[in-house]
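Participant:
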Amino acid sequence: MVIWSQVSKLHMLMRLYRQAILDPLTGIYNRRMLLRLGKKSMQECSQNDKPFSVLLFDIDKFKRINDTWGHSVGDKVLTGFTAFVQGKIRKTDLFGRYGGEEFILFLPDCPSDTAIKISNRMLTAIRALKLPINIENQSLSITTCIGISTYSENDTLASMLERADLALYQCKHSGRDCSNFHPIDLQYENDERLKIAEKISIN
């Protein structure tokens, strides 16, 4: 009985640990753990003078998928997309769910030109992806937007994510199904912030 109690306690602790670090639907890192590990990876790359890039994914028109097919199909799209990306990345990369239909891929030792090439290859492969939805043997095709940023001196993870988000915003307003790299340009960044602020005030 004592041994069984200890085993049960261990299983419970392991379950609680998984719940604390993993997204319950997809099984990949949740937002909190992803950002914690991403910050550590970015700092290590900075200290060792290595490049570090961020890819911010957003599944196009995901709300329409939920509205048309239901949330159970939406969940299948999220898990299918997750499995696809996991099969394409390196062991050193960090992939997690940022929230909703947004995902982040942290790429240590990856300069901007390589990150752009990776995003373009991802876009091409995602277009060809057929996700089974278990409804009359049907499958769904999806597309994504990808915002890209690369570490620069004095960057923080928050500033990198902000640039990736601005790049993602540009993708969404350029027809979607594309990627965009946000350069480290203060004037460009201020202009984009102003555009977003004007868009919000209009709506």
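In terms of UniProt numbering, the sequence shown opens at residue 1 and continues consecutively. Cβ atoms here follow ideal geometry from the backbone N, Cα and C, with glycine treated the same way.
What does DSSP give as the partner residue(s) for Asn180 in the beta ladder?
Facilitator: Looking at the DSSP assignment, Asn180 forms a beta bridge with Gly147.
Participant: Restricting to Cα atoms, I'd like to know which of Leu37, Ile126, Val85 and Ser152 is closest to Thr144.
Facilitator: Of the listed residues, the one whose Cα sits closest to Thr144 is Ile126.
Participant: How many Å lie between Thr124 and Ile142 at the Cα?
Facilitator: Straight-line Cα distance between these residues: approximately 11 Å.
Participant: Could you give the residue range of the alpha helix (DSSP H) that holds Glu44?
Facilitator: It spans Arg31 to Gln47 - the alpha helix (DSSP H) in which Glu44 sits, taken as one unbroken run.
Participant: Considering only residues of the UniProt domain "GGDEF" (50-184), which uninterrupted beta strand (DSSP E) runs meet the minimum length of 3 residues and lie entirely inside it, listed in chain order?
Facilitator: Runs found: 52-59, 94-99, 102-108, 144-150 and 179-181.
Participant: Can you give me the Cβ contacts of Pro111 inside the same chain, cut-off strictly under 8 Å, excluding the 5 residues immediately before and after it?
Facilitator: Correct list, in chain order: Pro51, Ser53 and Thr150.
Participant: Compute the beta-carbon to beta-carbon distance between Ile146 and Leu55, rounded to the nearest angstrom, for a pair I have assumed lies under 8 Å.
Facilitator: The Cβ separation is near 5 Å, so the contact holds.
Participant: Between which residues of its own chain and Gln170 is the CB-CB distance below 6 Å, once the five residues before and five after are set aside?
Facilitator: Contacts found: Asn180.
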